[in-house]
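Data first, discussion second: the structure below is written as structure tokens.
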Amino acid sequence: MKKVILFILFTLNSIAQVKNEEIKIQIVKSKLVDNVSVFGIRQLKITNDELKKVMIKTKISSTPNNKAKLSGFSLVDNVNKIRYRLADYKGYEAFIGEPELIPYTKTELFNEKGKKMDWYGLPSFDKAVIDYFDLFDKEGYTNLEIPINFGTTEKPILSVIYFGETEYEDFTAELYFAIFEKYKELDYELYYMDKKISDIKFNNQKEKSAKTKKQSSNTDYKDD
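Note that numbering that gives the first Met the number 0 has the sequence shown beginning at 0, numbered continuously upward.
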């Protein structure tokens, strides 16, 4: 298993039925989204033309003892053997109210003077929160994860982010990935832990024409 960290700097502006212990995941839609639009956890802008932001909207149902672990999601490109880490997440039970944002940094952040960074809006660092992405490597695949710059262009302070366990049992989850622009027309697979959830295609025109069609049987996942 190869592991590559793509050092791309981002611009940071502070500021369906459940049974027993199962998790059910249903794909609502998948689409290409604007690189300069706002991500869930903060205002972020992809500044590298080689990357394209995509979104997969899901409905998730779970139980109190087995809630979804967002870091368990990955997007797989089988042609180029790339496994993408979840880049951003926004969860909500209803459109009213604040969305759930549960990011964590992989490394503890310190400023140029060696002082621990703890300003408002900064994702937490907590070793006790498991990063499931690292536990389900695919043999022969490259893991692609993109560090966020919490410093400046001149003095970058970088960390990969991951997402923790949701507080919700039944909710909508918007999953964002940053994939290579040149591969955006390929077929992908969405995984939760080590299980495939669905085939994914990011073609907005085809998606619009397919909205009235019945979803195929592989768009539902149950965690047995």
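Idealized CB from N, CA, C, for every residue including glycine.
Excluding the five sequence neighbours on either side, which residues of its own chain have a C-beta within less than 8 Å of the C-beta of residue i, listed in chain order?
i: Leu108; result: Lys115, Met116, Leu121, Phe124, Phe149, Ile156 and Ser158
i: Thr171; result: Val27, Lys56, Thr57, Lys58, Ile59, Gly90, Tyr91 and Glu92
i: Asp33; result: Lys52
i: Asn110; result: Met116, Gly150 and Ile156
i: Phe94; result: none
Would you tell me roughly how many angstroms separate the C-alpha atoms of residue i and residue j, rounded to the nearest one?
i: Thr62; j: Pro146; result: 32 Å
i: Glu168; j: Gln25; result: 14 Å
i: Glu180; j: Phe162; result: 24 Å
i: Asn194; j: Phe72; result: According to the sequence displayed, residue 194 carries Lys and not Asn. Approximately 10 Å between the Cα atoms of the pair.
i: Asn65; j: Glu153; result: 43 Å
i: Lys126; j: Tyr103; result: 9 Å
i: Ile199; j: Glu49; result: 20 Å
i: Glu97; j: Ser29; result: 23 Å
Starting from the Cα of residue i, find the closest Cα among the options and give me that residue.
i: Leu85; options: Leu189, Leu31, Leu185 and Lys126; result: Leu189
i: Lys68; options: Lys30, Asp133 and Glu49; result: Asp133
i: Val78; options: Glu180, Tyr140 and Ile101; result: Tyr140
i: Ala177; options: Glu21, Asn47 and Gly113; result: Asn47
i: Asn202; options: Lys80, Lys112 and Met54; result: Met54
i: Ile101; options: Glu173, Lys200 and Ile199; result: Glu173
Residue range of the beta strand (DSSP E) that residue i falls in?
i: Asn142; result: Thr141 to Glu144
i: Leu31; result: Lys23 to Leu31
i: Asp48; result: It is not in any beta strand (DSSP E) - Asp48 carries neither H nor E in the DSSP assignment.
i: Leu189; result: Asp186 to Tyr191
Mapping DSSP to helix, strand and coil, what is residue i?
i: Glu164; result: strand
i: Glu180; result: helix
i: Phe132; result: helix
i: Gly150; result: coil
i: Gln42; result: For Gln42, the predicted structure reports a pLDDT of 48, less than 50, and the residue's modelled location is therefore unreliable. A value from the coordinates is still provided. Here Gln42 sits in strand by DSSP.
i: Ser70; result: helix
i: Ala127; result: coil
i: Lys56; result: strand
i: Tyr119; result: coil
i: Glu99; result: strand
i: Lys112; result: coil
Please go through the same chain and pick out, in chain order, the residues whose beta-carbon is closer than 7 Å to the beta-carbon of residue i, but skip the five residues on each side of it.
i: Asp76; result: Tyr182, Leu185 and Tyr187
i: Phe38; result: Residue confidence is low: Phe38 scores 49 on pLDDT, short of 50, so the model does not pin down where it sits. No coordinate-derived value is stated.
i: Glu99; result: Gly90, Tyr91, Thr165, Glu166 and Tyr167
i: Val128; result: Tyr103 and Gly163
i: Lys112; result: none
i: Lys80; result: Gly139, Tyr140 and Thr141
Spatial neighbours of residue i within its chain, please: C-beta separation below 6 Å, excluding the five flanking residues on both sides.
i: Asp130; result: Ser70 and Tyr161
i: Lys105; result: Ser158 and Val159
i: Arg82; result: Ser73, Val75, Lys137, Tyr140 and Asn142
i: Met192; result: Gly71 and Phe135
Got a sec: does the ligand MN put a non-hydrogen atom nearer than 8 Å to the Cβ of residue i?
i: Tyr83; result: Questions concerning the ligand MN fall outside what the structure shown contains, since it holds no ligand whatsoever.
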